Amino acid sequence: MTTEATPPSTAASPSARQVWTRTRGIALALVVLLAAAVAIATIRSDARHGTLDPRSADRQGSRAVAELLADRGVDTSVVTTLDEARAAADADTTLLVAAPDLLTPGQQRALRTATTGAAGRTVLVAPGSPSVERLAPGVTADPANSLDSTLSPDCALTAARRAGTAETGGMRYTTTHLDADECYPSDRLATLLRIPETGGDGTGDTGGDGTGDTVVIGAPDILFNDRLDKQGNASLALQLLGSRPHLVWYLPTLSDTAAADEDDQRGFFDLLPSGWLWGTLQLFIAAAVAALWRARRLGPLVPENLPVAIRASETVEGRARLYRKANARDRAATALRSTTRIRLAPLVGVPLTQAHTPEALLPALSAHLHRHGDGQTLHTLLFGPPPGDDAALVSLADQLDALEREVRRP
Numbered sequence: 028m029t030t031e032a033t034p035p036s037t038a039a040s041p042s043a044r045q046v047w048t049r050t051r052g053i054a055l056a057l058v059v060l061l062a063a064a065v066a067i068a069t070i071r072s073d074a075r076h077g078t079l080d081p082r083s084a085d086r087q088g089s090r091a092v093a094e095l096l097a098d099r100g101v102d103t104s105v106v107t108t109l110d111e112a113r114a115a116a117d118a119d120t121t122l123l124v125a126a127p128d129l130l131t132p133g134q135q136r137a138l139r140t141a142t143t144g145a146a147g148r149t150v151l152v153a154p155g156s157p158s159v160e161r162l163a164p165g166v167t168a169d170p171a172n173s174l175d176s177t178l179s180p181d182c183a184l185t186a187a188r189r190a191g192t193a194e195t196g197g198m199r200y201t202t203t204h205l206d207a208d209e210c211y212p213s214d215r216l217a218t219l220l221r222i223p224e225t226g227g228d229g230t231g232d233t234g235g236d237g238t239g240d241t242v243v244i245g246a247p248d249i250l251f252n253d254r255l256d257k258q259g260n261a262s263l264a265l266q267l268l269g270s271r272p273h274l275v276w277y278l279p280t281l282s283d284t285a286a287a288d289e290d291d292q293r294g295f296f297d298l299l300p301s302g303w304l305w306g307t308l309q310l311f312i313a314a315a316v317a318a319l320w321r322a323r324r325l326g327p328l329v330p331e332n333l334p335v336a337i338r339a340s341e342t343v344e345g346r347a348r349l350y351r352k353a354n355a356r357d358r359a360a361t362a363l364r365s366t367t368r369i370r371l372a373p374l375v376g377v378p379l380t381q382a383h384t385p386e387a388l389l390p391a392l393s394a395h396l397h398r399h400g401d402g403q404t405l406h407t408l409l410f411g412p413p414p415g416d417d418a419a420l421v422s423l424a425d426q427l428d429a430l431e432r433e434v435r436r437p
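Mapping of the sequence shown onto this note's numbering: position 184 corresponds to residue 211, and the numbering continues sequentially without gaps.
Laid out in structure tokens, this is it:
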């Protein structure tokens with residue numbers, strides 16, 4: 028039983044082991060990066076799970092405040108779309124917007140239109156700029172946050188005075204409304220605002236006067252499960268959210284495209300700052316200029332003298348070492364046979380154009396030789412398969428050399 032030998036690896040076809048040796052470092056780096064990305068995503072997912080969700084019992088969930096409100100007769104319902112939030116706006120409802128900044132400008136304007144004149148209460152949790160300017164016109168967010176998290180009310184709002192100190196420190200706001208309640212100031216800027224609708228008295232925070240209002244809270248801490256029992260957080264949260272018999276908890280999602288106008292449908296390049304686009308264009312131009320500078324010049328060949336003289340034997344030895352390092356016996360045998368055929372063809376009267384044609388070269392060699400008259404032997408020697416090992420390659424070189432000497436012998 029015989030088995031077919033595996034063809035030797037050459038420089039043109041590296042073995043699987045060579046490929047693995049060259050690429051294992053890159054593969055290992057990719058695996059480490061992938062594992063790190065999965066770990067970071069898992070950690071962040073756990074940390075942000077159920078944030079400000081009244082159904083979540085996690086540390087940053089809000090289930091505790093929802094249950095306390097239920098004990099006081101306030102029912103809480105969760106909505107995740109703009110249409111549901113707009114439909115819930117009425118005089119008996121407090122609408123809490125958990126993440127105002129997730130809403131698009133079109134959604135913010137639509138929500139503001141729905142709540143205006145509804146005589147209900149709208150609570151905005153930590154809106155930034157320009158979100159707060161659309162949801163509560165006349166209110167501006169300060170770029171700098173409060174340095175202190177626990178602050179004193181320092182205002183006439185009944186709910187704030189009853190709660191006392193609370194953890195409202197976060198976003199800070201200024202307003203142009205003269206009848207607004209500015210509470211829990213930090214460096215003279217309020218972290219909690221109550222803006223009554225036209226006709227309010229500025230102190231009615233229970234909704235009993237039939238007018239609506241908007242409450243802006245600079246931080247969500249008073250709603251978290253793990254912060255509800257600190258300071259006056261629970262009292263302030265219950266009074267702000269329990270002024271109406273119904274509480275609609277709006278959790279905006281990125282998948283909600285209701286009321287999104289064409290200006291909100293921006294692509295990736297629209298979100299990039301103009302400076303990045305100009306910088307990328309300049310880099311592209313620089314790369315094109317560098318490519319033209321380093322590109323190959325097309326034109327006639329110009330002979331140049333070598334700076335040093337190199338012996339032909341050194342060139343042959345260097346090429347042979349490359350063949351040996353690559354284990355390319357087939358290429359070495361092909362080079363030896365091709366050179367021998369080119370040198371033998373003129374000696375036996377065969378044109379160089381037919382030196383590599385067995386039908387033209389072998390009969391002429393057989394007629395010229397006597398000891399190598401066997402055509403099959405000459406064919407194997409000059410056109411045969413590649414040698415199987417280094418010893419066979421050396422033997423082939425000796426036989427080709429002996430054949431050329433015999434042909435040259437007078």
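Where a beta carbon is used, it is the ideal one built from N, C-alpha and C, also for glycine.
What you are looking at is a predicted structure, and each value in this text was computed from that prediction instead of being measured.
- Inter-segment contact for the segment 201-212 and the segment 250-258 is absent: fewer than three beta-carbon pairs are separated by less than 8 Å.
- Rounded to the nearest whole angstrom, the C-alpha separation of K257 and T238 is 31 Å.
- Beta-bridge partners assigned by DSSP to S213: L216.
- If you look at H395, you'll find it in the alpha helix (DSSP H) that goes P385 to H395.
- In the DSSP assignment, D240 falls within the beta strand (DSSP E) that extends over D240 to I244.
- With a threshold of 16 other beta carbon atoms within 10 Å, D240 meets it and is buried.
- Membership of T103 in the beta strand (DSSP E) is indicated by the continuous run D102 to V106.
- S104 has its alpha-carbon roughly 24 Å from the corresponding atom of G133.
- Taking 8 Å as the cut-off, the beta carbon of G245 is found closer than this to the beta carbon of T195.
- In this structure G100 is not in contact with A190, their Cβ atoms being roughly 20 Å apart against a cut-off of 8 Å.
- Judged by pairs of C-beta atoms under 8 Å, the segment 268-281 touches the segment 104-124, as three or more such pairs exist.
- For V166, the three-state secondary structure derived from DSSP is strand.
- Where R148 is concerned, the enclosing beta strand (DSSP E) starts and stops at R148 to V152.
- L408 is the residue among L408, L265 and A64 whose C-alpha sits nearest the C-alpha of H383.
- When secondary structure is reduced to three states using DSSP, L178 falls in the strand class.
- Following the DSSP letters along the chain, one finds V275 inside the beta strand (DSSP E) bounded by residues H273 to Y277.
- Across the structure, H395 and L319 are spaced so that their CA atoms are roughly 58 Å apart.
- In this model, A372 and R364 are separated by some 12 Å (Cα to Cα).
- Taken through DSSP and simplified to helix, strand or coil, V124 comes out as strand.
- Cβ contact annotation for L388 (same chain, cutoff 8 Å, sequence separation greater than five): R368, L371, A372, V375, V377, Q381, A382 and L409, in chain order.
- Scanning L123, R148 and R113 for the CA closest to the CA of R136 turns up R113.
- Under DSSP, R221 forms a beta bridge with D208 and V242.
- Residue L430 holds the alpha-carbon nearest to the alpha-carbon of L392 among T225, P412 and L430.
- Cβ neighbours of A186 within its own chain (closer than 7 Å, five residues either side excluded): D232, L263, Q266 and L267.
- Annotation: A115 to G77 spans about 22 Å, alpha carbon to alpha carbon.
- Beta-bridge analysis with DSSP links T50 to no other residue.
- Going by C-alpha positions, S89 is about 41 Å away from G302.
- A314 has its alpha-carbon roughly 29 Å from the corresponding atom of R49.
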